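Residue numbers (my numbering): 105 to 231.
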């Protein structure tokens, strides 16, 4: 993005866009799927949202930063908490979400399903 980077609105939304793994850009470069944000009637910036699979990788990286270590090094309770957070954020609706999470946690898909079923014993989870 060029000159609007110093706009106070850009500074206000940048942490949110970064947390989602989005990309800020000049509104003139916006494509139909991008979100153009306006301030006082003027287009200030556009946001390109990540693909869902990229979002999952971004969320996993953020969780690693939060825990200060690779997720595979967490204890069982912390891994269960991570699975609960990921489920709340829709991680398991992404194609291969369970496999991606299992790899990040250093556990099997079966273990991830067990963690999910522990949280929601009446809910059916599919591969």
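Yeah, the Cβ is synthetic: ideal placement off N, Cα and C, and Gly gets one too.
In this text, all values refer to a predicted model and were calculated from it rather than measured experimentally.
Fill in: Top-ranked residue by Cα proximity to residue 154, from 131, 187, 139 and 179
139
Worksheet item: Do three or more CB pairs link the segment 177–187 to the segment 205–214 at distances below 8 angstroms?
Response: Verdict: yes, contact present.
Item to complete: Using DSSP bridges, identify the partner residues of residue 151.
Response: 128 and 139.
Discussion item. Here's the rule: buried if 16 or more other CB atoms are within 10 angstroms of the residue's CB, otherwise exposed. What is residue 135?
Written reply: exposed
Worksheet item: Skipping 5 residues on each side, what residues in its chain have a beta carbon closer than 7 angstroms to that of residue 158?
Response: Excluding its 5 nearest sequence neighbours in each direction, residue 158 has C-beta neighbours in its own chain below 7 angstroms: 125, listed in chain order.
Item to complete: Go through its chain and collect everything with a Cβ distance to residue 196's Cβ below 8 angstroms, but skip five positions before and after it.
Response: Within the same chain, 190, 202, 205, 220 and 229 come within 8 angstroms of residue 196 by CB-CB distance, once the 5 residues on both sides are set aside.
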